[in-house]
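Trainee:
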Amino acid sequence: MQEAIRLATESVAAGGGPFGAVVGRGSEIVATGTNTVTTSLDPTGHAEVTAIRNACRALGDFKLDGCVLVTSCEPCPMCMASALWARLDRVLYSADRNDAAGAGFDDRAFYELFTDPDAVWPTPVRRLGTENRTAPFDAWLAKSDRVEY
Ligand SMILES: [Zn+2]
């Protein structure tokens, strides 16, 4: 955890956001990541996603089972979903969403979109149902050598 906090603090001086993350396996650090949203012009460049991407490249796999994500701050919904997709064993964080809000990073509003049934999303999401909507899934299921994930 101290490494994640150190990375997060150094990220500020480097022009990035104040977030850092480490993917570890046992006592080994597999990869690290910092927030690169503004430096790489990538709204998905959160420290956790960056660390997950770097860990997958380091291990040559798209699964991180057996690994732990240690992050300086509570993951936002995107990062938490990324951790689920990566099949990480566990996520550990230090500062929470309220601490982040105090610094101007208010992920709480995003969490509320998922938990409040009356929430109005700032980005409308609508289904456009089409007759061929399952064609990609049909192709996937028909592919005998697909790599399941
Ligand atoms: Zn995030």
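Using the numbering used here, the first residue of the sequence shown is number 2, and each one after it goes up by one. Cβ atoms here follow ideal geometry from the backbone N, Cα and C, with glycine treated the same way.
1. In whole angstroms, what separates the C-alpha of Asp43 from that of Ala15?
2. Closer than 6 Å by C-beta to Ala32: which residues in its own chain qualify, once you throw out the five before and the five after it? Chain order, please.
3. Tell me the rounded alpha-carbon separation between Ser145 and Asn133.
4. Are three or more beta carbon pairs between the region 116-136 and the region 83-99 nearer than 8 Å?
5. Taking the alpha-carbon of Gly18 as reference, which of Pro78, Leu70, Ala104, Val92 has the nearest alpha-carbon?
6. Counting only the same chain and skipping the five closest in sequence on each side, list residues whose C-beta sits under 6 Å from that of Ala5.
7. Three-state secondary structure (DSSP) at Arg109?
8. Is any non-hydrogen atom of ligand 3 found closer than 6 Å to the C-beta of Cys80, if you look at the structure I gave you?
9. Starting from Phe63, follow the alpha helix (DSSP H) in both directions and report where the run begins and ends.
10. Given this structure, state the Cα-to-Cα distance separating Tyr150 from Ala102, to the nearest angstrom.
11. Can you check which of these residues, Met79, Thr135, Gly67, Ile30, is closest to Leu89 by C-alpha distance?
Mentor: On the basis of the supplied data:
1. Distance between the alpha carbons of Asp43 and Ala15 is about 16 Å.
2. Val24, Ala52, Asn55, Ala56, Ala59
3. 21 Å
4. Cβ pair count under 8 Å is below three, so no.
5. Ala104
6. Gly21, Ala22, Val23, Val71, Thr72, Ser73
7. Here Arg109 sits in helix by DSSP.
8. This structure lacks ligand 3; its bound ligands are ligand 1.
9. Segment: none, Phe63 is in no alpha helix (DSSP H) and carries neither H nor E.
10. Rounded to whole angstroms, Tyr150 to Ala102 spans 34 Å at the Cα level.
11. Gly67
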